[in-house]
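**Student:** Residue numbers (this note's numbering), protein chains in the order written: chain A, 73 to 618; chain B, 44 to 225.
Ideal Cβ placement from N, Cα and C applies to all residues, glycine included.
As the structure is a computational prediction, the values presented were derived from the model and not from experiment.
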Ligand code: HEM
Ligand SMILES: [Cu+2]
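In structure tokens:
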């Protein structure tokens with residue numbers, strides 16, 4: 073930290089700091105807090121699916137507007153899965169991997185003193201914090217939070233009064249997302265500028281760790297993809313408040329009255345949304361891919377196989393992610409020719425993904441593996457990436473997707489590949505860089521136990537959803553058993569919910585390990601993993617204080 | 044703030060480079076924003092009920108924007124009194140552009156059919172978003188041009204030119220798409 077640090081007091085040192093390391097940790101901690109909320113919402117969703125007439129006594133006292141004598145209201149169920157998805161995708165995973173690790177590590181890995189624009193960087197964190205608060209605040213409005221899914225499809229999201237969540241909750245959702253996008257954009261500009269222009273002299277782009285490369289592509293993806301959601305959100309806000317009809321079709325009837333206006337196109341929203349949405353899923357995936365590659369290098373004692381091809385594969389994946397958004401819309405009535413084109417581009421993404429998988433196999437082949445906790449998480453990412461990639465190739469084929477769209481199969485696919493791989497990336501990163509952040513090691517035994525439980529229960533939760541989906545279980549349905557053909561799936565759904573509960577309980581190990589190691593972990597020394605990358609050549613914070 | 048301060052203290056070409064990267068990247072993001080809005084517009088105008096309405100105000104707005112751009116150009120090339128004139132032209136034309144654009148948005152909103160008419164809605168949308176960017180971009184230009192002693196730095200002029208020319212080109216494209224397409 074810069075001179076005069078001591079005289080500046082705790083507030084400016086740890087709260088309003090401009091230091092990229094402090095900002096990174098602020099992001100990480102806030103994201104961990106949001107993860108608790110997002111996880112709780114997921115459990116409520118799962119309990120409702122498994123036991124539709126379950127009585128929620130405690131929660132209904134906290135959020136009375138969502139319950140009727142303890143029984144969850146259908147529209148509150150919709151609000152729960154909406155907020156779960158939104159919080160996890162944007163406020164937890166993006167924030168932790170990119171805001172957290174990105175801020176802390178990019179300057180260190182490129183050998184810069186700090187980010188290019190430290191003030192902008194701090195501003196980005198504070199905007200993110202405000203956007204999180206706005207998003208959470210919607211739980212406490214009279215009509216409850218947004219309920220149109222993390223994809224916010226109109227007309228549900230466009231018509232005030234369509235359901236409870238279409239009121240103030242949807243406005244707060246849009247405002248929070250706008251702030252989040254602003255924060256992400258400021259961060260992305262900083263990342264790009266720092267990586268391109270502030271590298272230590274002599275350090276070439278092709279020498280950078282793959283994590284920093286991932287951040288480079290993530291920044292570009294975010295800068296070029298988020299504007300399309302910004303555009304869509306502005307139009308949606310105008311539809312809601314200024315009398316326009318960009319997304320409102322003709323002929324809607326709401327509580328017996330014809331809706332004013334019309335002539336707009338709800339499908340247009342889907343295009344704009346998914347033009348962001350698909351790159352966004354890669355925004356979550358790339359950091360984990362980078363971390364996995366770097367950790368395979370460190371823990372096999374040899375740089376990851378095919379470094380250059382890893383960079384090109386990331387570039388291709390990033391570029392192509394702008395050409396596949398239509399695969400989320402195969403059943404929207406698009407022309408079958410257009411559908412085939414999107415099926416082809418979607419399947420082609422498997423090529424660079426395959427390159428990464430083969431490089432990883434080659435990196436592990438015949439090597440002595442050091443199975444530390446971070447390495448286990450990296451192997452877990454490898455497993456999830458392959459499992460989820462395979463189901464993706466199924467879904468990318470129009471003929472198959474028409475059956476599987478909006479079923480639990482899709483939920484299985486994206487939880488395994490996106491949610492899972494990104495979450496495992498957070499754990500890999502926290503375990504790996506903990507010594508850098510705090511000067512101590514996390515406990516290996518607890519770490520390994522936590523990994524094994526999470527790995528097993530993660531698959532136990534999400535793998536059966538493939539089967540449920542194949543048998544026709546639709547997603548986002550308040551009570552699946554209102555359909556006779558789904559009644560036989562009740563016991564499978566109960567199993568999934570119990571697995572989810574076990575998964576949640578296993579996370580206690582992580583929090584215990586984290587906070588215990590902060591105080592009592594073994595002192596780490598400057599480079600505990602004998603890693604070759606630049607961040608470890610900095611003095612660890614513990615030494616710096618001494 | 045930090046960029047300007049460090050640039051004027053000569054805190055190094057690396058930071059100047061970083062600023063350029065960031066500004067170019069944010070123009071890239073802005074381009075994508077308008078590309079999204081424009082593609083929505085192109086889709087919507089292909090519907091059967093589309094009715095455009097001709098108007099003269101776009102020429103006025105374009106003229107102000109071009110004068111603003113020209114002002115920066117003069118300021119960048121010349122020094123002394125001509126530079127001051129360039130900046131004055133920039134300030135005046137930008138002010139007129141903002142007032143004019145807001146007036147246009149107000150008039151389409153209150154015109155017959157109001158914002159429920161899709162054409163009016165897109166006029167308000169595209170111009171409105173452009174105005175927001177013009178304010179942010181104009182503020183940025185003023186900030187990098189703030190004269191300290193020997194006048195604005197080459198770096199500052201380069202950035203201001205880039206941003207104002209970009210905003211003007213964007214307006215030309217919007218006006219062409221709204222009124223020039225058949
Ligand atoms: C070979 C690679 C992949 C292919 C071919 C693929 C294909 C697909 C297809 C076709 C869908 C739409 C299914 C439907 O709604 O009917 C889908 C959904 C999804 N995919 Fe993938 N995918 C791949 C990789 C990924 C990756 C790497 C991620 C994220 C890191 C991801 C995240 C998602 C998400 C979040 C959804 C669902 C969004 C929603 O409807 O809420 N996919 N995928
Ligand atoms: Cu996709």
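With 9 Å as the threshold, decide whether the Cβ of residue 485 of chain A is near any Cβ in chain B.
**Tutor:** No, no contact with chain B.
**Student:** Quick check on the DSSP output: the alpha helix (DSSP H) that includes residue 163 of chain B runs from which residue to which?
**Tutor:** Counting along the chain, the alpha helix (DSSP H) containing residue 163 of chain B begins and ends at 161-188.
**Student:** Pick from A/138, A/384 and A/329: whose alpha carbon is nearest that of residue 277 of chain A?
**Tutor:** Cα-wise, what sits closest to residue 277 of chain A is A/384.
**Student:** In whole angstroms, what separates the C-alpha of residue 449 of chain A from that of residue 496 of chain A?
**Tutor:** The alpha-carbon atoms of residue 449 of chain A and residue 496 of chain A are separated by roughly 6 Å.
**Student:** Is the CB-CB distance between residue 256 of chain A and residue 360 of chain A below 9 Å?
**Tutor:** It is not a contact, given that the beta carbons lie outside the stated cut-off.
**Student:** If the cut is a Cβ gap below 7 Å, which residues of chain A does residue 64 of chain B touch?
**Tutor:** Chain A residues near residue 64 of chain B: 264, 265, 268 and 269.
**Student:** According to DSSP, is residue 144 of chain A part of a helix, a strand, or is it coil?
**Tutor:** Residue 144 of chain A falls in the strand class under three-state DSSP.
**Student:** Could you check whether the Cβ of residue 87 of chain B sits closer than 9 Å to any Cβ belonging to chain A?
**Tutor:** Closer than 9 Å: yes.
**Student:** For residue 214 of chain B, name the three-state secondary structure that DSSP assigns.
**Tutor:** Helix.
**Student:** Counting only beta-carbon separations shorter than 9 Å, does residue 46 of chain B have a partner in chain A?
**Tutor:** Below a pLDDT of 50, predicted positions are generally treated as unreliable, and residue 46 of chain B, at 42, falls in that range; the measurement from the model is reported next regardless. By this cut-off, residue 46 of chain B is an interface position.
**Student:** Which of the three DSSP states, helix, strand or coil, is assigned to residue 631 of chain A?
**Tutor:** Because chain A in this structure spans residues 73 to 618, residue 631 of chain A falls outside the shown range and cannot be described.
**Student:** With a threshold of 7 Å on Cβ separation, who are the neighbours of residue 377 of chain A within its own chain once the five nearest residues in sequence on each side are excluded?
**Tutor:** Here the set comprises 431, 434 and 435.
**Student:** If I follow the unbroken alpha helix (DSSP H) through residue 366 of chain A, where does it start and stop?
**Tutor:** It spans 338-372 - the alpha helix (DSSP H) in which residue 366 of chain A sits, taken as one unbroken run.
**Student:** Taking DSSP's pairing of strands, which residues face residue 512 of chain A in a bridge?
**Tutor:** BP columns for residue 512 of chain A point to A/595.
**Student:** Could you name the residues that DSSP lists as bridge partners for residue 241 of chain A?
**Tutor:** DSSP output for residue 241 of chain A lists A/217 as bridge partner(s).
**Student:** So is residue 289 of chain A in contact with chain B if we call contact Cβ pairs under 9 Å?
**Tutor:** Closer than 9 Å: no.
**Student:** List, from N- to C-terminal side, the alpha helix (DSSP H) runs of 4 residues or more that fit wholly inside the stretch 237-304 of chain A.
**Tutor:** Qualifying alpha helix (DSSP H) stretches, in chain order: 240-269.
**Student:** Would you call residue 410 of chain A buried or exposed, if buried means 16 or more other Cβ atoms sit within 10 Å of its Cβ?
**Tutor:** Exposed, since its Cβ has fewer than 16 Cβ neighbours within 10 Å.
**Student:** At a cut-off of 8 Å, would you count residue 466 of chain A as near ligand 2, judging by its Cβ distance to the nearest heavy atom?
**Tutor:** No.
**Student:** Per DSSP, what are the beta-bridge partners of residue 546 of chain A in this structure?
**Tutor:** Answer by DSSP bridge pairing, in chain order: A/479.
**Student:** Quick check on the burial criterion: 16 or more other C-beta atoms within 10 angstroms. Buried or exposed for residue 91 of chain A?
**Tutor:** So residue 91 of chain A ends up on the buried side.
**Student:** Tell me the start and end of each unbroken alpha helix (DSSP H) in the stretch 82-155 of chain A that is at least 4 residues and wholly inside, in chain order.
**Tutor:** List check, alpha helix (DSSP H) in window: 92-122 and 129-134.
**Student:** Any Cβ of chain B within less than 9 Å of the Cβ of residue 136 of chain A?
**Tutor:** Not an interface residue.
**Student:** Measuring straight from C-alpha to C-alpha, what distance separates residue 261 of chain A and residue 176 of chain A?
**Tutor:** For residue 261 of chain A and residue 176 of chain A, the distance between alpha carbons rounds to 16 Å.
**Student:** Quick one: list the residues of chain A neighbouring residue 172 of chain B, beta-carbon separation under 7 Å, in chain order.
**Tutor:** 306, listed in chain order.
**Student:** So, helix, strand or coil for residue 389 of chain A, using DSSP?
**Tutor:** Here residue 389 of chain A sits in helix by DSSP.
**Student:** By the 10 Å Cβ neighbour count, where 16 or more other Cβ atoms means buried, how is residue 207 of chain B classified, buried or exposed?
**Tutor:** It counts as buried.
**Student:** So the alpha helix (DSSP H) residue 75 of chain B belongs to, where does it begin and stop?
**Tutor:** First-last of the alpha helix (DSSP H) with residue 75 of chain B: 56-88.
**Student:** What's the gap between the Cα of residue 241 of chain A and the Cα of residue 339 of chain A?
**Tutor:** Roughly 22 Å separates the two Cα atoms.
**Student:** Looking at ligand 2, does it come within less than 8 Å of residue 399 of chain A, judged from the CB to the closest heavy atom?
**Tutor:** Checking every heavy atom of ligand 2 against the Cβ of residue 399 of chain A, one is found closer than 8 Å.
**Student:** With a threshold of 9 Å between beta-carbons, can residue 162 of chain A be considered close to chain B, or not?
**Tutor:** It does not: the Cβ of residue 162 of chain A has no partner Cβ on chain B nearer than 9 Å.
**Student:** To the nearest angstrom, how far is the alpha carbon of residue 608 of chain A from that of residue 598 of chain A?
**Tutor:** One C-alpha to the other measures close to 7 Å.
**Student:** Compute the distance between the beta-carbons of residue 401 of chain A and residue 342 of chain A, then report whether it is under 9 Å.
**Tutor:** Contact flag set, yes.
**Student:** Let me make sure I understand the geometry here. Which of B/97, B/114 and B/95 has the alpha-carbon closest to that of residue 185 of chain B?
**Tutor:** Nearest C-alpha to residue 185 of chain B: B/114.
**Student:** Identify whether residue 377 of chain A lies in helix, strand or coil by the three-state DSSP scheme.
**Tutor:** Reduced to three states, the DSSP call for residue 377 of chain A is coil.
**Student:** Using 9 Å as the limit for Cβ to Cβ distance, is residue 182 of chain B near chain A?
**Tutor:** Not one chain A Cβ lies under 9 Å of residue 182 of chain B.
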